[in-house]
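One structure is given below, encoded as structure tokens.
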Amino acid sequence: MLELSIRHRQGDFRLEADLKLGEGLTALFGASGSGKTTLISTVAGLIRPQEGRIIFNGEIWSDGSTFLPPHRRRIGYVFQEGRLFPHLTVLQNLRYGERLLPRAERREDLDRIASLLAITDLLARRPSHLSGGEKQRVALGRALMASPKLLLMDEPLSALDSALKAQILPYIERIRDGFGVPILYVSHQVEEVSRLANAVVTFDKGRASSVGRPDETLATVLQASGDLPAGNFIEAEITGHHEADGLTEARSSAGPLLLRRTHLSVGTRVRVFVPVSDIVVAIEPAEGLSALNRLSGHVRDIGEGEGGSVTLTVDCHGQPMVAQVTRRSLRQLALEPGKPVHLLFKTVSIASEGLFRQARGGSRSQSV
2 MLELSIRHRQ
12 GDFRLEADLK
22 LGEGLTALFG
32 ASGSGKTTLI
42 STVAGLIRPQ
52 EGRIIFNGEI
62 WSDGSTFLPP
72 HRRRIGYVFQ
82 EGRLFPHLTV
92 LQNLRYGERL
102 LPRAERREDL
112 DRIASLLAIT
122 DLLARRPSHL
132 SGGEKQRVAL
142 GRALMASPKL
152 LLMDEPLSAL
162 DSALKAQILP
172 YIERIRDGFG
182 VPILYVSHQV
192 EEVSRLANAV
202 VTFDKGRASS
212 VGRPDETLAT
222 VLQASGDLPA
232 GNFIEAEITG
242 HHEADGLTEA
252 RSSAGPLLLR
262 RTHLSVGTRV
272 RVFVPVSDIV
282 VAIEPAEGLS
292 ALNRLSGHVR
302 DIGEGEGGSV
312 TLTVDCHGQP
322 MVAQVTRRSL
332 RQLALEPGKP
342 VHLLFKTVSI
352 ASEGLFRQAR
362 GGSRSQSV
């Protein structure tokens, strides 16, 4: 358990946080400059907060009279860029992660970590001969080789393109599920948070709040954020696969869903993210369209959107879904509270990078 009750001012910026964070991966989510990196810097011991205290598993890391230096906190830190030592090989970079640790406290095995992160064949290379994705996997391995009590990741995928992000995400899932080390993960990308996070802390102008499940905390925040995509979180269960079509079928309270083919077993619980911008609203069942996902419900509420649009909240058998339409569509379709509607979206709208896996009967997630 990580307990923070801190106040810290840097120039005109003030950070305020009163949090209790548990196991799994906790995402620190918010716009750039909202205080996420400042918070994990205080946790790492790189910044001493001016007020308050930080306690980890009953050990005081920082208060008015005590300040534990970074090397005594046993924290693994993964930055936006790999920050590998260019003159060292991959093997030497990995070993550097454990060099300050007494041998009796070294609990991680090099072969296990190299295999987990698929870097065994890279051990003799230097960073200049690695791709961006390979560098980040090595950086993850170096952090794990320090046998950390807590792992901090500061936007570790922000410097990678979409293809490389898709390669790295499964490895972060494996770390989340297989090491039993709590993780603080800084991000302002909803797809990453949706896929990885067990809990979310939201940030707004230096104030940290809203600890909870992503589907409990992000929906409201996203709708209120002008520069972040709004979307819907749906809890579902894998019910089958259609190999020939490259599809996976899932059951949710809102209705049946078709996802892009996954390797998840039948019965696996998942949380999917569907962007508002990908949803089409119809007042009659639509035929002759490529959109395979079709949920039915009735309009529950109509609110103001952005750029002259309106926001619809649709009740799909108890599952609230948010969609946006233009004012012209609102008039032409005669949309009003209580009116039956159909929500259409493509299978490709449910991005694999936004699919959180949770195994049946347990709290841990299952990686593809």
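In this text, residue positions in the sequence shown follow the numbering used here: the first is 2, and each later residue adds one. We put the CB at the ideal spot given by N, CA and C, even for glycine.
Below-8 Å beta-carbon distance, residue i vs any chain C residue
{"i": "lysine 340", "result": "Any reference to chain C falls outside this structure, which holds one protein chain only."}
Cα-Cα separation between residue i and residue j, rounded to whole angstroms
{"i": "glutamate 305", "j": "leucine 3", "result": "39 Å"}
{"i": "glutamate 337", "j": "valine 300", "result": "7 Å"}
{"i": "valine 194", "j": "aspartate 178", "result": "15 Å"}
{"i": "leucine 111", "j": "arginine 196", "result": "27 Å"}
{"i": "serine 159", "j": "glutamine 11", "result": "25 Å"}
{"i": "proline 257", "j": "glutamate 236", "result": "11 Å"}
{"i": "alanine 255", "j": "glutamine 320", "result": "5 Å"}
{"i": "arginine 252", "j": "arginine 262", "result": "15 Å"}
{"i": "isoleucine 76", "j": "aspartate 302", "result": "46 Å"}
{"i": "alanine 18", "j": "glutamine 137", "result": "29 Å"}
Pick from the options that is closest to residue i, judged by C-alpha positions
{"i": "histidine 242", "options": "Leu260, Glu236, Gly232 and Ile235", "result": "Leu260"}
{"i": "glycine 309", "options": "Leu296, Pro321, Arg329 and Val323", "result": "Arg329"}
{"i": "arginine 84", "options": "Leu40, Ser266, Ser35 and Met154", "result": "Met154"}
{"i": "aspartate 64", "options": "Ser6, Ala237, Ser148 and Arg96", "result": "Ser6"}
{"i": "histidine 318", "options": "Pro341, Val326, Val311 and Gln325", "result": "Pro341"}
{"i": "isoleucine 169", "options": "Ser129, Leu117, Leu152 and Leu185", "result": "Leu117"}
{"i": "threonine 314", "options": "Gly232, His264, Leu40 and Lys347", "result": "Gly232"}
Classification of residue i by the beta-carbon crowding that lies within 10 angstroms, buried from 16 upward
{"i": "lysine 21", "result": "exposed"}
{"i": "phenylalanine 274", "result": "buried"}
{"i": "phenylalanine 204", "result": "buried"}
{"i": "glutamate 156", "result": "buried"}
{"i": "alanine 119", "result": "exposed"}
{"i": "glutamine 325", "result": "buried"}
{"i": "glutamate 244", "result": "exposed"}
Three-state secondary structure (DSSP) of residue i
{"i": "leucine 185", "result": "strand"}
{"i": "asparagine 94", "result": "helix"}
{"i": "leucine 229", "result": "With a pLDDT of 44 at leucine 229, under the threshold of 50, the modelled position of that residue is not reliable, and the figure given next carries that caveat. It is coil, neither helix nor strand."}
{"i": "glycine 42", "result": "First, the residue type needs correcting, since residue 42 is serine and not glycine in the sequence shown. Helix."}
{"i": "threonine 249", "result": "strand"}
{"i": "glutamine 168", "result": "helix"}
{"i": "leucine 158", "result": "coil"}
{"i": "serine 129", "result": "helix"}
{"i": "glutamate 193", "result": "helix"}
query = Counting pairs of Cβ atoms below 8 Å between the segment 283 to 297 and the segment 203 to 214, do you hit three or more?
reply = no
task = Would you check if there are 3 or more beta carbon pairs closer than 8 Å linking the segment 280 to 287 to the segment 319 to 338?
result = yes
request  = Would you be able to state if there are at least three C-beta pairs under 8 Å between the segment 43 to 50 and the segment 115 to 132?
outcome  = no
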